[in-house]
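K.L.:
1 is the number of the first residue of the sequence shown in UniProt numbering; add one for each residue after it. Glycine included, every Cβ here is placed at the ideal spot set by N, Cα and C. Once you've had a glance at the structure underneath, I'll fire off some questions.
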Amino acid sequence: MSYGDILFEAQDGVATITINRPEVYNAFRAETCEELIDAFKRAAWEDAIGVVVLTGAGGKAFSTGGDQSAHEGQYQGRGTIGLPLEELQAAIRETPKPVIARVQGYAIGGGNVLALLCDLTIAAESAVFGQVGPRVGSVDPGFGTAYMGRVIGEKRAREMWFLCRQYSGAEAVRMGLANVVVPDSELDKEVEQWCREILEKSPTALAIAKYSMNADSAHISGLSAMGLQAVKLFYGTEESKEGVRAFKQKRKPEFGKYRT
Ligand SMILES: CC(C)(COP(=O)(O)OP(=O)(O)OC[C@H]1O[C@@H](n2cnc3c(N)ncnc32)[C@H](O)[C@@H]1OP(=O)(O)O)[C@@H](O)C(=O)NCCC(=O)NCCSC(=O)CCC(=O)c1ccccc1C(=O)O
């Protein structure tokens with residue numbers, strides 16, 4: 001597959017996958033998800049690769065989630081909601097090698113969920129984490145909510161989803177959402193150091209450790225499949241469309257009348 005929305009680079013045992021849509025803060029559309037799935041599968045089974053880094057181009061964002069200009073209601077691609085997100089999430093989890101999120105700038109909405117699903121998160125001081133679903137008429141009914149609760153604790157996960165606040169890299173470390181935060185100028189050096197340390201380790205032990213930890217939360221993919229059917233119906237409602245329209249029109253959404 002040739003890539004238009006992402007970049008793929010493999011060097012010295014490290015595969016770097018970069019979402020390359022800086023004009024929309026690395027928001028993803030259906031094509032982006034397809035390319036990411038392909039790239040993760042490629043990195044997963046290429047023997048020379050021992051660690052995968054996921055990042056975003058341009059320095060302003062890791063990813064801001066679903067491309068709001070690419071939908072009103074359903075997205076246009078494969079998958080229950082027109083984005084093969086469940087396959088993308090599975091591709092990250094099923095890569096039998098550590099996956100590191102290199103986060104500079106915004107990791108928002110589905111972008112925050114992508115970082116969450118990576119095994120490790122290295123944040124720059126400029127990193128900003130948060131969910132926006134309830135502000136824009138969306139929600140991840142699987143890993144983004146249920147797994148988030150496991151990673152940062154139920155109270156924090158509920159706060160993150162219910163208030164849609166933004167959290168700095170330092171706060172993300174305190175919450176357990178990121179492993180470490182470093183000045184932006186040291187981000188690449190830090191990522192390189194973590195990759196080198198991982199590459200010294202037994203690849204089979206790493207794969208067993210990752211899959212073993214995954215097994216404990218594997219049932220969430222069932223919740224996700226079921227919940228996405230509800231999200232598909234939700235995306236068809238005026239309530240959800242109001243969230244998307246408000247974002248595009250750069251105004252606050254008016255959800256009051258849906259509180260029935
Ligand atoms: C990230 C912001 C807070 C940044 O704000 P600000 O600094 O003021 O910059 P802006 O002017 O807003 O943005 C700059 C520029 O980028 C465009 N842009 C930013 N984000 C997006 C986007 N997601 N889609 C399209 N375009 C985007 C923005 O329009 C500007 O362009 P101009 O041409 O200059 O005007 C702020 O941008 C922000 O809050 N962004 C919104 C993020 C958002 O709504 N994301 C979608 C969330 S819903 C989602 O991700 C769907 C997927 C999902 O949640 C899900 C559902 C079901 C199962 C699984 C999942 C999952 O895992 O993802």
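For Tyr25, which residues of its own chain have a beta-carbon under 7 Å away from its beta-carbon, when the five flanking residues on both sides are left out?
P.N.:
Within the same chain, Tyr25 has close Cβ partners Lys60, Ala61, Thr64 and Tyr106.
K.L.:
Is it the case that the CB of Ser212 approaches a heavy atom of ligand 1 more closely than 6 Å?
P.N.:
No - ligand 1 has no heavy atom lying nearer than 6 Å to the Cβ of Ser212.
K.L.:
Considering Cα atoms alone, identify which of Asn214, Cys118 and Ser126 is closest to Gln104.
P.N.:
Gln104 has its Cα closest to that of Ser126, out of Asn214, Cys118 and Ser126.
K.L.:
Mind reading off the beta-carbon distance from Ile208 to Ala146? Whole number of angstroms is fine, and I expect it under 8 Å.
P.N.:
Incorrect: roughly 24 Å between the Cβ atoms, too far for contact.
K.L.:
With DSSP run on the structure shown, which of helix, strand or coil describes Gln68?
P.N.:
Gln68 falls in the helix class under three-state DSSP.
K.L.:
Since Glu46 and Asp5 are thought to touch, with beta carbons under 8 Å apart, how far apart are those beta carbons, to the nearest angstrom?
P.N.:
In fact, because the Cβ distance is near 20 Å, the residues do not count as touching under 8 Å.
K.L.:
Using the DSSP secondary-structure output, state which residues sit across from Ser63 in a beta bridge.
P.N.:
In DSSP, Ser63 forms a bridge with Ala107.
K.L.:
Report the three-state DSSP secondary structure of Leu83 (helix, strand or coil).
P.N.:
DSSP places Leu83 in coil when its eight states are reduced to three.
K.L.:
List in chain order: all unbroken alpha helix (DSSP H) runs of 4+ residues lying wholly within the region 145-230.
P.N.:
Counting whole runs of 4 or more residues, the region 145-230 contains the alpha helix (DSSP H) stretches 148-152, 154-163, 169-175, 187-199 and 203-215.
K.L.:
How about Ser138: is its Cβ closer than 6 Å to a heavy atom in ligand 1?
P.N.:
Ser138: yes, Cβ under 6 Å from ligand 1.
K.L.:
Report whether the distance from the Cβ of Tyr106 to the nearest heavy atom of ligand 1 is below 6 Å.
P.N.:
Yes, the beta carbon of Tyr106 sits closer than 6 Å to at least one heavy atom of ligand 1.
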